[in-house]
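Engineer: One structure is given below, represented as C-alpha coordinates, and several questions about it will come after.
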Amino acid sequence: MSNVTDTKAHVATPSTGKNTIADGVVQKVAGIAAREVPGVHDLGGGAARAIGAIRNAINAQDRGQGVSVEVGEKQVAADIIIVAEYPVDLQRVADDVRRSVTDAISNVVGMDVTEVNVTVSDVHIPSDDNDDADESRVQ
(Lines of atoms letter the chains of each structure in order from A and count residues from 1; the text may use other names and numbers.)
(Lines give C-alpha, C1' and ligand atoms only; values in the text may rest on other atoms or scores of the structure.)
Protein backbone atom coordinates (compact mmCIF):
# COMPACT_ATOMS: atom_id res chain seq x y z
CA MET A 1 0.00 0.00 0.00
CA SER A 2 1.23 3.49 -0.74
CA ASN A 3 0.64 6.66 1.20
CA VAL A 4 -0.67 9.60 -0.78
CA THR A 5 0.10 12.99 0.65
CA ASP A 6 -1.50 16.18 -0.46
CA THR A 7 1.17 18.59 -1.66
CA LYS A 8 0.04 22.18 -1.52
CA ALA A 9 2.15 25.04 -2.71
CA HIS A 10 3.77 26.97 0.12
CA VAL A 11 2.00 30.28 0.47
CA ALA A 12 3.98 33.04 2.10
CA THR A 13 2.05 34.80 4.78
CA PRO A 14 2.83 38.37 5.57
CA SER A 15 4.76 38.58 8.80
CA THR A 16 4.11 41.18 11.39
CA GLY A 17 6.83 43.27 12.89
CA LYS A 18 8.49 46.63 12.75
CA ASN A 19 11.27 48.01 10.59
CA THR A 20 13.62 50.47 12.24
CA ILE A 21 16.11 52.55 10.31
CA ALA A 22 18.67 54.32 12.47
CA ASP A 23 19.00 58.09 12.25
CA GLY A 24 22.67 57.65 11.30
CA VAL A 25 21.70 55.65 8.22
CA VAL A 26 19.31 58.34 7.03
CA GLN A 27 21.96 60.97 7.79
CA LYS A 28 24.55 59.09 5.72
CA VAL A 29 22.16 58.64 2.77
CA ALA A 30 21.38 62.37 2.82
CA GLY A 31 25.08 63.26 3.03
CA ILE A 32 26.02 61.08 0.08
CA ALA A 33 23.18 62.54 -2.01
CA ALA A 34 24.17 66.12 -1.15
CA ARG A 35 27.84 65.55 -2.04
CA GLU A 36 26.86 64.20 -5.48
CA VAL A 37 25.32 67.53 -6.51
CA PRO A 38 27.53 69.55 -8.90
CA GLY A 39 28.64 72.77 -7.24
CA VAL A 40 28.87 71.33 -3.72
CA HIS A 41 32.46 71.47 -2.46
CA ASP A 42 31.92 70.09 1.05
CA LEU A 43 29.36 69.72 3.82
CA GLY A 44 29.32 71.23 7.28
CA GLY A 45 30.43 74.39 9.02
CA GLY A 46 34.02 75.33 9.81
CA ALA A 47 34.43 73.13 12.89
CA ALA A 48 32.81 70.12 11.24
CA ARG A 49 35.08 70.48 8.21
CA ALA A 50 38.17 70.73 10.43
CA ILE A 51 37.23 67.50 12.19
CA GLY A 52 36.36 66.00 8.80
CA ALA A 53 39.86 66.83 7.53
CA ILE A 54 41.35 64.90 10.43
CA ARG A 55 39.03 61.95 9.72
CA ASN A 56 40.02 62.03 6.04
CA ALA A 57 43.68 61.95 7.00
CA ILE A 58 43.12 58.64 8.78
CA ASN A 59 40.74 57.30 6.10
CA ALA A 60 37.64 57.50 8.29
CA GLN A 61 35.38 59.84 6.33
CA ASP A 62 32.12 60.86 7.99
CA ARG A 63 29.49 60.81 5.23
CA GLY A 64 26.91 62.36 7.56
CA GLN A 65 29.03 65.46 8.27
CA GLY A 66 27.00 68.65 7.90
CA VAL A 67 23.70 66.76 7.98
CA SER A 68 21.19 66.54 10.79
CA VAL A 69 17.99 64.56 10.50
CA GLU A 70 14.85 64.07 12.50
CA VAL A 71 13.38 60.64 11.82
CA GLY A 72 9.83 59.73 12.74
CA GLU A 73 8.00 56.48 12.07
CA LYS A 74 7.16 57.37 8.47
CA GLN A 75 8.63 60.81 7.85
CA VAL A 76 12.02 62.51 7.80
CA ALA A 77 13.12 66.14 8.05
CA ALA A 78 16.71 67.09 7.22
CA ASP A 79 18.98 70.10 7.65
CA ILE A 80 22.01 70.27 5.34
CA ILE A 81 24.93 72.72 5.60
CA ILE A 82 26.95 73.05 2.39
CA VAL A 83 30.04 74.81 1.11
CA ALA A 84 29.51 75.75 -2.53
CA GLU A 85 32.09 76.06 -5.29
CA TYR A 86 32.73 79.51 -6.69
CA PRO A 87 31.21 80.66 -9.06
CA VAL A 88 27.90 78.81 -8.99
CA ASP A 89 24.29 79.90 -8.74
CA LEU A 90 23.80 79.37 -5.00
CA GLN A 91 20.01 79.18 -5.20
CA ARG A 92 20.20 76.53 -7.93
CA VAL A 93 22.75 74.46 -5.99
CA ALA A 94 20.62 74.63 -2.83
CA ASP A 95 17.52 73.58 -4.81
CA ASP A 96 19.47 70.72 -6.43
CA VAL A 97 20.70 69.55 -3.01
CA ARG A 98 17.13 69.63 -1.69
CA ARG A 99 15.88 67.60 -4.66
CA SER A 100 18.75 65.08 -4.49
CA VAL A 101 18.38 64.51 -0.75
CA THR A 102 14.60 64.17 -1.01
CA ASP A 103 14.89 61.63 -3.84
CA ALA A 104 17.58 59.61 -2.04
CA ILE A 105 15.67 59.40 1.24
CA SER A 106 12.44 58.51 -0.56
CA ASN A 107 14.03 55.86 -2.78
CA VAL A 108 16.72 54.36 -0.54
CA VAL A 109 15.14 54.69 2.89
CA GLY A 110 11.52 54.50 1.75
CA MET A 111 10.23 57.28 3.96
CA ASP A 112 8.37 60.50 3.19
CA VAL A 113 10.40 63.70 3.40
CA THR A 114 8.58 66.58 5.07
CA GLU A 115 11.31 69.17 4.55
CA VAL A 116 14.94 69.64 3.61
CA ASN A 117 16.51 72.90 4.77
CA VAL A 118 19.75 73.84 2.99
CA THR A 119 22.16 76.41 4.42
CA VAL A 120 25.06 77.67 2.31
CA SER A 121 27.67 78.43 4.98
CA ASP A 122 30.65 79.25 2.78
CA VAL A 123 31.94 79.52 -0.77
CA HIS A 124 35.09 77.66 -1.77
CA ILE A 125 37.42 79.58 -4.06
CA PRO A 126 39.93 77.19 -5.69
CA SER A 127 42.66 79.85 -5.81
CA ASP A 128 42.61 80.03 -1.99
CA ASP A 129 43.99 76.48 -1.83
CA ASN A 130 47.21 77.49 -3.59
CA ASP A 131 47.89 80.94 -2.07
CA ASP A 132 49.61 79.64 1.06
CA ALA A 133 51.85 77.25 -0.85
CA ASP A 134 52.95 79.80 -3.47
CA GLU A 135 53.88 82.76 -1.34
CA SER A 136 55.95 82.84 1.79
CA ARG A 137 56.13 85.94 3.92
CA VAL A 138 59.62 85.10 5.19
CA GLN A 139 62.79 83.74 3.64
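Positions 1 to 139 (this note's numbering) are the ones given, in order, by the sequence shown.
All C-beta atoms, glycine included, are put in the ideal place defined by N, C-alpha and C.
What separation, rounded to the nearest whole angstrom, lies between the Cα atoms of Val108 and Arg92?
Structural biologist: 24 Å
Engineer: Looking at the strands, I want to know which residues DSSP matches up with Val116.
Structural biologist: Ala78
Engineer: Please classify Thr16 as buried or exposed, where buried requires at least 16 other C-beta atoms within 10 Å of its C-beta.
Structural biologist: exposed
Engineer: Identify the continuous beta strand (DSSP E) that holds Val69 and give its terminal residues.
Structural biologist: 67-71
Engineer: Tell me which residues share the same chain as Asp122 and place their Cβ nearer than 7 Å to its Cβ, disregarding the 5 neighbours each side in the sequence.
Structural biologist: Val83
Engineer: Can you give the beta carbon distance from Val177 to Ile81, rounded, assuming they're within the 8 Å contact cut?
Structural biologist: The requested residue 177 is not part of the displayed model; the chain covers only 1 to 139.
Engineer: Mapping the DSSP letters down to three states, classify Ser15 as helix, strand or coil.
Structural biologist: coil
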